[in-house]
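Okay, here's the thing in structure tokens:
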């Protein structure tokens, strides 16, 4: 999505809307099955290659899946693409392993229960075929290493099979022919072994009744997850984000008021780089809601706030980055202010595009795409929940208005996606001139609730500061005329880094789609 690319895209026209198909489901519920709270998925993340997928749940577990359809060919996918090899099969994943990442804790100083729920998972760089990832709950971040280890087995005992008799004892000429009375613990009553004197020596060849196991390393392997480091006691408030740096050495963790910078190798020390806590807490007007490092510039990161603004900061400017390098916010339309204005303006998630040029943000009503070179306003706005505007009072009463929906971008930067209620998710085209706005359901028939959005004339392609507003639907009802179910919400989803494949969580089920 650079300048040259935009010219080419403008000449070729916008890409065609994708035709999404169901791929797989893990943990599918049977009709009427009750979902256990601990099984509800709370985090999803692909690794950089897209060959591994991790999910975290409210029970503190991390489950890993690995891609299988690329391995069967015996050649890497990249090599197959160079050979123009046609892969007809869609992306397929299988269960790899799972481990208990966090346990419920109790903070005795604050008389506070700390949930085991996994808030975020981030993959780290792999090394020596081992997988590394960070997982966090509200207070503690952990660094995990998952590796295949060869299984050690007892192959045999040091018995000579030729001397073995039926009952497993050893027939040996050194044994006395006279009968001995033996106790249950194996000691003998004749006194020869009962009172060991200093001149006792083992008979030649050792004691025939002493059987030692022989341990060998078999070719079988099993996956072992080991917690390498625990980064704790650095946040007074709940951690909402963790993000790896492109330098491969550091990462950030963010809570409501502070962002800390860590080194992966050092777990007992972190540096506070952003602190928005006022001297008097009564003066508090906004909190940090999400933070992410730039994908390629190790000195840049962005964080969003509950007031709907995004701040881009440069770590080279100062040690404490309270002053931002750039501020992105949309001016409030005159006369539109209401009691709910600030609540629905709060940004729940931000994501950088793969090339780092754009930032995608999700607030309660919309998805917004921002160009980091243009801070006057978003370059595109996609309406996700406009039909809920008349229902804001009800949503406030049942706390749904505080739901935090995540967002994601495709690897090529041409599309964005986010979740909604009734286990629906939306995919929008963000290329110049695109009118793509697809509504999909997290089920085995994703196109069941497909809504045909009438195309709208967009601004001339020469206009760089285009503003697209799409996705408005019939208020209060879905495509089938059904009212929306606010108890089933699709909060978490992730886009495969190189292909049009989306993984999303509907309660305890992980659904995967491809196009």
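Numbering (UniProt numbering), first residue to last: 1 to 515. By construction, the Cβ of each residue, glycine as well, lies at the ideal position given by its N, Cα and C atoms. This one's a predicted model, so the numbers in the text were calculated from it and none came from an experiment.
Between residue 227 and the ligand PLP, is the CB less than 7 Å from at least one heavy atom?
As far as ligands go, the structure on display features none, and thus does not contain the ligand PLP.
Could you pull the DSSP bridge partners for residue 358 from this structure?
371
Taking the C-alpha atoms as reference points, what is the distance between residue 285 and residue 115?
27 Å
Of all the options 265, 447, 117 and 146, which has the alpha carbon lying nearest to the alpha carbon of residue 137?
117
Taking only the alpha-carbon atoms, compute the straight-line gap between residue 268 and residue 259 and give it to the nearest angstrom.
16 Å
Output needed for residue 104: all residues of its chain with C-beta closer than 6 Å, excluding positions within five of it in sequence on either side, in chain order.
116
Less than 8 Å between the C-beta atoms of residue 310 and residue 328, yes or no?
yes
Are the segment 389 to 398 and the segment 368 to 379 touching, with three or more C-beta to C-beta distances below 8 Å?
no
Residue 439, enclosing beta strand (DSSP E) - first and last residue:
437 to 441
So, using beta-carbon positions, are residue 345 and residue 35 closer together than 8 Å?
no
Along the beta strand (DSSP E) that carries residue 41, what are the first and last residues, could you check?
41 to 46
Continuous beta strand (DSSP E) stretch holding residue 345: start and end:
It is not in any beta strand (DSSP E) - residue 345 instead sits in the alpha helix (DSSP H) that spans 341 to 345.
How is residue 65 classed by DSSP in three states: helix, strand or coil?
strand
How many Å lie between residue 330 and residue 226 at the Cα?
45 Å
Kindly indicate which three-state DSSP category residue 274 falls into: helix, strand or coil?
strand
Reduced DSSP category for residue 213 - H, G, I as helix; E, B as strand; rest coil:
strand
Does the beta-carbon distance from residue 493 to residue 27 come in below 8 Å?
no
Cutoff 6 Å; reference residue 59; Cβ partners in own chain excluding five residues on either side:
38
Let me know the secondary structure DSSP gives residue 229 once reduced to three states.
strand
Who does residue 501 pair with in a DSSP beta bridge?
514
Range of the contiguous alpha helix (DSSP H) that encloses residue 394:
392 to 397
Which residues in the same chain have their Cβ closer than 7 Å to the Cβ of residue 57, if we skip the five residues on either side of it in sequence?
38, 39, 40, 41, 42 and 118
DSSP three-state call for residue 364: helix, strand or coil?
coil
Residue range of the beta strand (DSSP E) that includes residue 244:
241 to 244
Could you compute how far the alpha carbon of residue 319 sits from the alpha carbon of residue 270?
12 Å
Based on Cα-Cα distance, which residue from 499, 144 and 406 lies nearest to residue 44?
406
Alpha carbon to alpha carbon, what distance is there between residue 213 and residue 191?
Unreliable positioning characterises residue 191 in this predicted model, as indicated by a pLDDT of 48, which lies under 50. The coordinate reading is nonetheless provided below. Taking the straight line from one Cα to the other gives about 28 Å.
What residues in its chain sit with their C-beta under 7 Å from that of residue 333, if we drop five residues either side in the sequence?
none
Leaving out the 5 sequence neighbours to the left and right, which residues in its chain are closer than 6 Å to residue 501 when beta-carbon positions are compared?
91 and 514
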